[in-house]
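Asks: Residue numbers (the working numbering), protein chains in the order written: chain W, 1 to 212; chain F, 1 to 360; chain E, 1 to 262.
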Amino acid sequence: MHISDGILNAPVLIGGFAGAGVLAVATMRNMDMEEIPKISVITAVFFVASSIKIPLGPTSVHLILNGLAAVVLGWRAFPAITLGLVLQAIILGHGGVTVIGVNALMMGGGGLIAYLVWQQRHRFHFKKKLFVFGALTGAVGVASSGIILALALATAGEAFHAVAEMVLLAHIPIILIEAGVVGACAEFLQKVKPELLAGQQAPRLQTSTDAG
Amino acid sequence: MSEQFMIEADNVCFTYPDGHQVLKDLNCRIRKGEKVALIGPNGAGKSTFMSHLNGVELATSGRILINGAEVGKQNLKSIRRQVGIVFQDPDDQLFCPTVFDDVAFGPLNLGLPQEDIRARVREALAVVGLQGFEERSSFHLSFGERKRLALATVLSYQPDILVFDEPSTNMDPMNRRNLINWLKNTDKTLLLCTHDLDIALEVCSRCLLLVDGHIIEDGASAEVLYNRKLLEENKLELPLALMTHELLHGILHEQEMDEDHRQIIGNFLHAHRHAHGTEGHGHVHLHAHAHDHGHLHEAVDEAHFNEESHHEHGDHQEHVAIPHSHDADDSHEHDHHEHHHHAAEVAESDVEETTSGERH
Amino acid sequence: MAFDIDRYDHVASPLQSWDPRVKVASLGLLILVIALLKTIPMAVVAIAIAIGIMALSALPLHFVSHGLSFVLMFLIPFFFIMPFTYPGEGAFEILGVSFAWQGLRIATLIFIKALSIVMLSFVIFGSSRFDISMLALQRLKFPSIVVQMLLFAYRYTFVFLDEMKRMHISMRARGFIARSDRKTLKIYGHFIGTLLVRSFERTERVYKAMLSKGYQGKLHSMVQFHSVPLDYAKAAVILLITIGLLIGEFGGTLNTAVQAWY
C-alpha cells in the first residue's frame with residue numbers, strides 16, 4: 001500500500017526525499033553499464049506485475065512485491081522499487097508525487113530489510129528451503145513497509161493513530177498472500193533460472209539436502 | 001583478388017565463464033560483397049559467433065578480423081560502426097521512445113555528426129518503407145513494421161557488413177519477399193544466419209554449415225544445400241525449393257513416362273539462379289539433367305554473362321565449372337546403378353525415398 | 001488500467017503548448033504548496049483551480065477520473081475511521097461511538113488535496129509525450145541515469161503488458177480461474193516467475209543490441225526545448241495562484257470567517 005498526497009507534513013516529506021536519495025545513491029554504487037537496462041527492464045516487470053489483481057474474498061488486492069524485488073535484485077531492489085513508484089504515481093495515480101520519497105523509504109526500505117532475511121537462507125539446508133525463505137522474504141517485505149507506513153501516518157498527528165493501526169491490520173492478508181506468491185516464485189526461479197536469484201554463492205556440488 | 005577479407009576468423013575458440021565451450025577452432029573468410037549464409041542446428045554456436053563479429057563477446061583464443069583490423073577492446077567503436085547486426089526479435093532492438101530515436105541511436109552513439117543525423121534517419125526509414133514514421137512509438141507498430149524498423153536502426157549508420165539473425169522468421173510472405181529482394185540487390189557484405197534455407201539458397205552464393213562450434217562445410221549454396229545427407233545428419237533438411245526439385249527428379253527417373261512429360265519436367269528442373277558477384281552480373285545456372293542422374297551443377301554460363309534477361313534453355317553440355325565440393329570418383333558409377341535399382345523397385349512409395357543415393 | 005499516460009498528448013491546449021520544463025516546474029511548485037495546505041477553504045480553492053486547469057487542458061474527463069481511483073479507494077476509509085477515532089471528546093454519538101467533526105474535517109481536507117494533486121499530475125504528464133516529460137525533468141537537473149532508466153522501463157512496460165495478457169489468456173484457456181486459495185497463489189507465483197525469466201533473458205538481448213550500436217552508458221537525445229515568453233507568462237499566473245494560496249493559508253481571514261460560520 002502506498003500513502004497518498006496531502007497527509008504528511010513538510011518535514012516528513014523532505015525527510016522522505018532525503019532518506020530515499022541517500023539510500024538510492026548507496027544502492028546504486030558501482031553500477032555498471034549492463035545493469036542500467038537490466039534494472040529498467042525488471043522495474044517494468046514489477047510495475048506490470050503490481051497491476052495483477054489477486055482475489056481476496058469479496059474484493060481483490062494488488063501485490064507490493066518488494067520482497068520479490070529483493071530476491072531478484074538484492075540491494076539494487078531499492079532503485080528498481082523507487083523507479084516503479086515513480087511510474088505508478090505518474091502513470092496510474094497510485095500513491096502520490098509529493099510522497100514518492102516516503103513511499104520509497106517504505107517499500108524500498110522494506111525491500112532492503114527483506115533482502116537481509118533472504119540472505120539468511122545460506123545457513124540452512126532443507127527441502128523446500130527456497131519456498132520457505134521466499135515466503136519469509138515476501139512477508140517481511142510487506143510487513144516492514146506496513147510498519148513504516150504506519151509510522152509515517154503517526155507523524156501526521158494523533159488523529160491518525162487509529163488509521164495507522166487499521167492500515168497495519170489491513171496489511172495482514174496481504175502479508176499472507178505475498179508470502180504464498182513470493183515463495184512459489186522463488187522456488188520456481190530456483191528450478192528454472194537460479195542465476196536470477198540475488199546473492200547466490202558460487203555454484204557448489206548439489207547434495208541430497210539441496211532439494212530446494 | 002585482394003587478400004584482405006571483410007570478415008576473417010582464425011581458429012576462434014570461445015568458452016563461457018561457466019566452462020561451456022561453444023566455438024571450437026572456427027575458421028572462415030568472407031570477402032567484400034559476398035553474401036554468405038550461416039546455417040546449422042540450434043545450439044551450434046551461430047548466435048555466439050555473431051556476437052564475436054562486433055566484439056560483444058571476445059574470443060577466448062584465436063582472432064576475428066574485420067576488414068583487416070583485429071577485434072579487441074581498444075577498437076570496439078570502430079568495429080561496431082562497420083558491422084551491423086540485425087537480431088531476430090525486433091522488441092529487443094527497439095528500446096527508445098520514438099521511431100526517430102531508435103533509428104538515431106546508432107549514429108548518435110557511434111559519434112556520427114549531429115547535423116547529418118536527421119538526414120540519415122530519413123533515408124534509412126525510406127529504404128525500409130517507413131517514411132514519415134519518425135514521431136511514432138515503436139510499440140504501436142505492427143510486427144512487420146517493427147522488423148523493418150529494426151533493419152532501419154542498423155542501416156542508419158551505414159555499416160559495410162550486415163549480419164542477420166533469422167531475418168525472415170514470422171514475416172508475412174510479402175514482407176519476406178521484399179526483404180529477399182532487398183538483400184539480393186544490396187551491395188553490402190552479408191552474413192545471414194538462418195533456418196530458412198530457402199532464403200539462404202535464393203540470396204546467398206555461399207553457405208557455411210556450423211555444427212558444434214566448428215564449420216564443417218563451406219561451399220557454394222547450391223552444393224551445400226542440395227546435400228541431403230549432410231543436412232539431415234545435422235538436424236536440417238533440404239530447402240523447400242530443392243525438395244521439389246528432388247521430387248520431380250525422382251519422378252523423372254521412374255520407369256514409364258511419355259517423352260512429352262519427361263521434357264516438361266526436364267525443363268522445369270532447369271532452374272536459374274542469378275548471382276551478382278564481384279565481377280559483375282553473372283548468370284548462374286542450377287540444373288539437373290534427365291541424363292545426369294541426380295547431379296546438381298552450378299556453373300557460370302559464359303554465354304549469358306552480363307545479360308539481365310532470364311532464359312529457358314535446353315541442355316548445356318559445356319560448362320565452366322565453379323569449384324565443386326566433390327570430384328568425379330568411383331562412387332558416381334555405383335550411385336548410378338543404385339539409383340536405377342531403386343527407381344525400378346519402388347513403385348507406389350514416397351518418391352523422396354527413391355532419391356536416397358549419395359548427393360555430393 | 002491504461003498505461004499510456006501520454007495517449008492524449010496531441011490534444012491542443014494551453015497546457016500542451018507550454019514548454020514542458022516550465023510547465024513541470026510551475027505546476028510542480030503548485031502541487032507542493034497544495035500538499036501542505038492545512039485549511040479546508042484553501043483546499044477548496046485549490047481544487048477549483050485544479051479543475052479549471054484540467055478544463056483548460058481539454059483532456060477527456062475519463063482520462064483523469066481513471067487516475068483518481070487509487071486516491072478514492074485509499075482515502076474513503078479515512079472518512080469512516082477518522083471521525084470516530086479522533087482523540088478526545090466527540091460532538092455526539094452514533095451507535096455508541098463518539099463522532100468528532102475535527103476528524104471529519106481532516107479527512108475532508110486530505111481528500112480534497114489529494115484529488116487536486118492527482119488531477120494536476122495527470123494534466124502535466126498527459127499533455128506531453130512521456131519521454132519529453134522525462135527529458136524536461138532531466139533539464140531541470142534530475143539525474144540522467146534515473147531518466148534513462150525511467151524511459152527504458154516505460155518502453156518495456158508495454159511489451160510486458162502484452163506478454164502478461166497472452167500468458168493470462170493461455171492460462172484461462174487451460175481452465176484457470178483465480179480464486180482465494182493456495183493454488184492460485186502458486187500459479188501466480190509461477191506466472192510472475194515466468195515473466196521475470198523472460199524479462200531477464202530479454203535484457204541480455206537488449207543489452208547486446210545496445211552494445212552493437214555503440215551504447216556506452218549515456219542517453220543521447222535530439223529533443224530540443226524552446227521557450228517563448230508566453231511560457232513564462234503562464235508560469236507567472238501559476239506563481240501568483242500559488243502565492244495567493246499561501247497568503248490565504250497564513251492570512252487566515254478567510255479561514256476564520258468560515259470557521260466562525262460553522
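Every residue, glycine too, gets a C-beta built ideally from N, C-alpha and C. This one's a predicted model, so the numbers in the text were calculated from it and none came from an experiment.
Which residue spans inside the segment 72 to 108 of chain F form an unbroken alpha helix (DSSP H) run of at least 4?
Replies: Within the segment 72 to 108 of chain F, the complete alpha helix (DSSP H) runs of at least 4 residues are 76 to 82.
Asks: Any idea what DSSP makes of residue 164(F), helix, strand or coil?
Replies: Strand at residue 164(F).
Asks: Does the Cβ of residue 57(F) have 16 or more other Cβ atoms within 10 Å, making it buried, or fewer, making it exposed?
Replies: Buried.
Asks: Give the residues of chain W in contact with residue 217(E), contact being defined as C-beta atoms less than 9 angstroms apart.
Replies: Neighbours of residue 217(E) on chain W, chain order: 32, 33 and 36.
Asks: Spell out the partners DSSP gives residue 70(F) in its beta bridges.
Replies: Answer is 65(F).
Asks: Expressed to the nearest angstrom, what Euclidean distance is found between the alpha-carbon atoms of residue 10(F) and residue 167(E)?
Replies: So the alpha carbons of these two residues sit roughly 44 angstroms apart.
Asks: Could you give the C-beta distance for residue 197(F) and residue 225(F), rounded to a whole number, given that I count them as a contact under 8 angstroms?
Replies: Residue 197(F) to residue 225(F), Cβ: 6 angstroms. Contact.
Asks: Can you look up residue 20(E) in the DSSP assignment and give me helix, strand or coil?
Replies: Three-state DSSP puts residue 20(E) in a helix.
Asks: Starting from the C-beta of residue 114(W), find all residues in its chain whose C-beta is less than 7 angstroms away, skip the five residues before and the five after it, and write them out in chain order.
Replies: Excluding positions up to five away in sequence, the list reads 66, 67, 70, 137, 140, 141 and 144.
Asks: What in chain E is Cβ-close to residue 93(F), meaning under 8 angstroms?
Replies: Simply 206 and 209.
Asks: Report yes if the CB atom of residue 41(W) is closer than 8 angstroms to the CB atom of residue 206(E), and no otherwise.
Replies: Yes, the pair counts as a contact, with Cβ atoms nearer than the cut-off.
Asks: What first and last residue would you give for the alpha helix (DSSP H) that runs through residue 21(F)?
Replies: From DSSP, residue 21(F) is part of no alpha helix (DSSP H) but of the beta strand (DSSP E) over 21 to 30.
Asks: For the beta strand (DSSP E) containing residue 48(F), name the first residue and the last one.
Replies: Here residue 48(F) belongs to no beta strand (DSSP E); instead the alpha helix (DSSP H) covers 46 to 53.
Asks: For residue 109(F), does the count of other Cβ atoms within 10 angstroms reach 16, so buried, or fall short, so exposed?
Replies: Buried, since its Cβ has 16 or more Cβ neighbours within 10 Å.
Asks: Kindly list, in the order they appear in chain F, the residues whose Cβ is closer than 7 angstroms to that of residue 220(E).
Replies: 108 and 109, listed in chain order.
Asks: If you reduce the DSSP assignment to three classes, tell me which class residue 14(F) lands in.
Replies: Residue 14(F): strand per DSSP, three-state reduction.
Asks: Looking only at its chain, what residues have a beta carbon closer than 6 angstroms to the beta carbon of residue 134(E), apart from the 5 residues adjacent to it on each side?
Replies: These residues qualify, in order along the chain: 147, 150 and 151.
Asks: At what residues does the alpha helix (DSSP H) containing residue 111(E) begin and finish?
Replies: Segment 101 to 126, the alpha helix (DSSP H) holding residue 111(E).
Asks: On the three-state DSSP scale, how would you describe residue 204(F)?
Replies: Of the three classes helix, strand and coil, the one that applies to residue 204(F) here is coil, per DSSP.
Asks: Just to confirm my understanding: we take residue 106(E), look at its own chain, exclude 5 residues before and 5 after, and list those with CB closer than 7 angstroms. What are they?
Replies: These residues qualify, in order along the chain: 82.
Asks: Pairs of beta-carbons, one from the segment 199 to 218 of chain E and one from the segment 43 to 59 of chain F, closer than 8 angstroms: are there three or more?
Replies: Segments in contact, yes.
Asks: Do you know how far the Cα of residue 39(W) is from the Cα of residue 42(F)?
Replies: Distance between the alpha carbons of residue 42(F) and residue 39(W) is about 29 angstroms.
Asks: Residue 54(W) and residue 48(W) look like a contact to me (Cβ under 8 angstroms); what is the Cβ gap, rounded to whole Å?
Replies: Not really, about 14 angstroms apart at Cβ, beyond 8 angstroms.
Asks: How long is the line joining the alpha carbons of residue 108(E) and residue 40(E), rounded to whole angstroms?
Replies: So the two alpha carbons sit approximately 8 angstroms from each other.
Asks: 8 angstroms is my cut-off, CB to CB: does residue 17(F) come that close to chain E?
Replies: Residue 17(F) does not count as touching chain E.
Asks: CB-CB under 8 angstroms to residue 177(W), same chain, minus the five flanking residues each way: which ones, in chain order?
Replies: Closer than 8 angstroms at Cβ, skipping near neighbours: 54, 56, 61 and 63.
Asks: Tell me which same chain residues have a C-beta within less than 6 angstroms of the C-beta of residue 191(W), skipping the five on either side of it?
Replies: Around residue 191(W): no qualifying Cβ.
Asks: On a CA-only basis, which of 195(F), 94(F) and 21(F) is nearest residue 148(F)? Give me that one, please.
Replies: If we check each option's Cα against that of residue 148(F), 94(F) comes out closest.
Asks: According to DSSP, simplified to helix, strand and coil, what is residue 74(E)?
Replies: Three-state DSSP puts residue 74(E) in a helix.
Asks: Is residue 36(F) helix, strand or coil when you go by DSSP?
Replies: The answer is strand: DSSP assigns residue 36(F) an E or B state.
Asks: Anything in chain W within Cβ reach of residue 164(E), meaning under 7 angstroms, just list it in chain order.
Replies: Those within 7 angstroms of residue 164(E) in chain W are 48.
Asks: If we count the other Cβ atoms within 10 Å of its Cβ and call it buried at 16 or more, is residue 239(W) buried or exposed?
Replies: In the structure as shown, chain W begins at 1 and stops at 212. Residue 239(W) is therefore absent and cannot be evaluated.
Asks: Check whether the Cβ of residue 214(E) lies closer than 8 angstroms to any Cβ atom in chain F.
Replies: At least one chain F Cβ lies under 8 angstroms of residue 214(E).
Asks: To the nearest angstrom, report how far apart residue 50(W) and residue 230(F) are at their CA atoms.
Replies: Using only the alpha carbons, I get a separation of about 51 angstroms.
Asks: Got a sec: which bits of the segment 6 to 25 of chain E sit with their beta carbon under 7 angstroms from any beta carbon on chain F, in order along the chain?
Replies: If the cut-off is 7 angstroms between Cβ atoms, the segment 6 to 25 of chain E has nothing near chain F.
Asks: Rounded to whole angstroms, how far is the Cβ of residue 165(F) from the Cβ of residue 86(F), which I believe are closer than 8 angstroms?
Replies: About 7 angstroms; that satisfies the 8 angstroms criterion.
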